[in-house]
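Encoded as structure tokens, the structure appears first; notes follow it.
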Amino acid sequence: MMDLLIHIFHVTLDTITDVFPIVVIIFGFQFLVIRKPIPNLGKVILGFIYVLIGLALFLVGLEEALFPLGELMAQQLTDPVFIHGIGHVAGDLMWQDYKWVYIFAIAIGFSTTIAEPSLLAVAIKANEVSAGVIGITGLRVSVAIGVAIGIGLGTFRIVTGTPLEYYIVAGYLIVIVQTFYAPKMIIALAYDSGGVTTSTVTVPLVTALGLGLATTIPGRSALLDGFGLIAFASLFPIISVMAYAQLSEWRGRVKNNENQST
Amino acid sequence: MKRQLQQIISPLWQSTRDLLPIIVVIAFFQIFVLQKPIPNMGQLLIGTAFVVLGLSLFIKGLEVGLFPIGESMAYAFARKGSVLWLLLFAFSLGFGTTIAEPALIAVADKAAEVAALGHVIENTEAARSAYASGLRLTVAFSVGLAIVIGVLRILKGWPIHFLIIGGYVGVVVMTFFAPEEIIGIAYDSGGVTTSTITVPLVTALGVGLASSIKGRNPMLDGFGLIAFASLTPMIFVMGYGMLI
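Same order as they appear, the protein sequences are chains F and X. Heads up: the first sequence runs through residues 1 to 262, numbered per the numbering used here. Heads up: the second sequence runs through residues 1001 to 1244, numbered per the numbering used here.
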């Protein structure tokens, strides 16, 4: 217990250096350029103290829970005893044998994205601007499907050890082609949705999952194969959001044609 | 009294909601698929409590202290008219918020650990922390640069997809030259940078700017800053990998 408290204290000291640049920027610009005293200075200082302690606690909790949890799930799901059952002589495992890994990755990707509050805010805005063409639920589900497919495919890549850049470059090509055909108003939003979806809690867990998989699966190296899941999770929503917008537009057109012909 | 209680509980509930889907999925797999109890349950529970508590305090602190000034400053600079100050502020905002981004701190430390085990750097405390800080500074610099380019885009009204496609080409070209072991980390750093602190402040800057310039649509032009901020780190981190 005492060790833990000392550890938290050290991490808090470290976070001061992390928060320091923002303090300098805010106060610097306020004094040098805007030249007005900061309103509610007491509240601002209190806010920074919260940020310091909160960041430190979060980082300690990360080491104690989120990282171990991601690694633990990777270990358990790739354990030959789990895949083949006890007593079987395990031969070389093929990529199909890791099906629970993919299912787990898809489930994590979908559920964390659907529950993401910032995505809901973006979806509501998109709905307003598109005059209802883009549905709130439709957009959220399509982003979640994008992230789920992304992380699922990402774990498949780790299992097979194929180079990350092939997948990403292929994804880029799809995005570029789609950009020419997708409705214009969705494009910036679709590009942004890639970055917004991966929250502070999801990133460490997914990173640990990838590194855990690369460490436990024979023949993979954590350095070469372990990273990349976040890249998948940020690329595929762009594709799925544009696809969703294209689909809504196409459906709207079909409806219009029907209305005109009757 | 009731309001104070609500003030404490509501951010706690928010962070719990972030974690809830993860807990549900893991619990489901543990009970129905793996059919095994989780080892070190106590440690994991304490850690999870820390994550919830820490994230709640962090977000509460941002809402009380940072966001109000940050947003009012973003609006003030967007309306001030001096392009130089605006760009300087845009860079600082991107840089400062990225340095303190919790997910980036976590991933950079992990990357340093893995790089040390893979003998890319020496496996000492000092070498690891130098590598992690270098990584974070690189990412922060590139996010700052991305915000500057994004602000210029809003000012000039450049179409977003040319810049994005240009960025993609940059990523692909860098991939040919970068050492193999940095590529995964570099690609990931794009998605990591933009979460808790950066998104609200940068969005405020973008939307404030787009709504204060005539002929700009906040929806069309205000978005897109985040997209740049997730592209440039990939390019620059690969550059960092080439230097090390």
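In this text, a Cβ means the ideal position worked out from N, Cα and C, and glycines have one as well.
Mind checking if residue 1229 of chain X is an interface residue toward chain F, Cβ cutoff 9 Å exclusive? For residue 1229 of chain X, the answer is yes, since a Cβ of chain F falls inside 9 Å of its Cβ.
Quick one: complete beta strand (DSSP E) runs, 3+ long, within the region 1140–1203 of chain X? Runs found: none.
Just checking: is the beta-carbon of residue 50 of chain F within a distance shorter than 9 Å of some beta-carbon in chain X? yes
Taking all protein chains shown into account, do 16 or more other C-beta atoms lie within 10 angstroms of the C-beta of residue 193 of chain F, making it buried, or fewer, making it exposed? buried
Does any CB atom of chain X fall closer than 9 Å to the CB of residue 31 of chain F? no
Any chance you could list the alpha helix (DSSP H) runs of at least 4 consecutive residues sitting entirely within the region 187–241 of chain F, in chain order? 202–216, 222–225
Determine the direct distance from the alpha carbon of residue 257 of chain F to that of residue 1106 of chain X, and round the result to whole angstroms. 53 Å
Quick one: residues in its chain with C-beta nearer than 8 Å to the C-beta of residue 1030 of chain X, no 5 flanking neighbours on either side, listed in chain order? 1036, 1037, 1038
So, does the region 1221–1235 of chain X touch the region 1146–1161 of chain X, judging by three or more C-beta pairs under 8 Å? When C-beta atoms of the region 1221–1235 of chain X are compared with those of the region 1146–1161 of chain X, three or more pairs fall below 8 Å, so the two segments count as touching.
On a CA-only basis, which of F:168, F:157, F:177, F:174 is nearest residue 1173 of chain X? Give me that one, please. F:168
Using the beta-carbon count (16 or more within 10 Å), is residue 252 of chain F buried or exposed? exposed
Can you tell me the Cβ-Cβ gap for residue 223 of chain F and residue 1120 of chain X, rounded? I've got them flagged as a contact below 8 Å. Taking 8 Å as the upper bound for CB-CB distance, residue 223 of chain F and residue 1120 of chain X are in contact here, some 7 Å apart.
Under 9 Å (Cβ pairs) to chain F, residues found in the region 1045–1064 of chain X: Against chain F - using a Cβ distance shorter than 9 Å - the residues of the region 1045–1064 of chain X are 1045, 1046, 1047, 1048, 1049, 1050, 1051, 1052, 1053, 1054, 1055, 1056, 1057, 1058, 1059, 1060, 1061, 1062, 1063, 1064.
Can you tell me whether residue 1206 of chain X is buried or exposed? The criterion is at least 16 other CB atoms within 10 Å of its CB, across all chains shown. It counts as buried.
Min CB distance residue 172 of chain F to chain X below 9 Å: Cβ-Cβ to chain X under 9 Å: yes for residue 172 of chain F.
From residue 1241 of chain X to residue 1006 of chain X, what distance separates their C-alpha atoms? 47 Å
Which same chain residues end up closer than 6 Å to residue 1216 of chain X when comparing Cβ atoms and leaving out the 5 residues on each side of it in sequence? 1210
Report yes or no: do the region 177–193 of chain F and the region 108–123 of chain F share at least 3 C-beta pairs separated by less than 8 Å? yes
Please report whether the beta-carbon of residue 1118 of chain X lies at a distance below 9 Å from any beta-carbon of chain F. yes
Return the Cβ separation of residue 1021 of chain X and residue 111 of chain F in integer angstroms, given the expectation that the two are a contact with Cβ distance under 8 Å. 4 Å
On a CA-only basis, which of F:74, F:45, F:114 is nearest residue 103 of chain F? Give me that one, please. F:74
9 Å Cβ cutoff, residue 78 of chain F in contact with chain X: no
For the putative contact between residue 1057 of chain X and residue 54 of chain F, defined by C-beta atoms under 8 Å, what is the C-beta separation to the nearest angstrom? 3 Å
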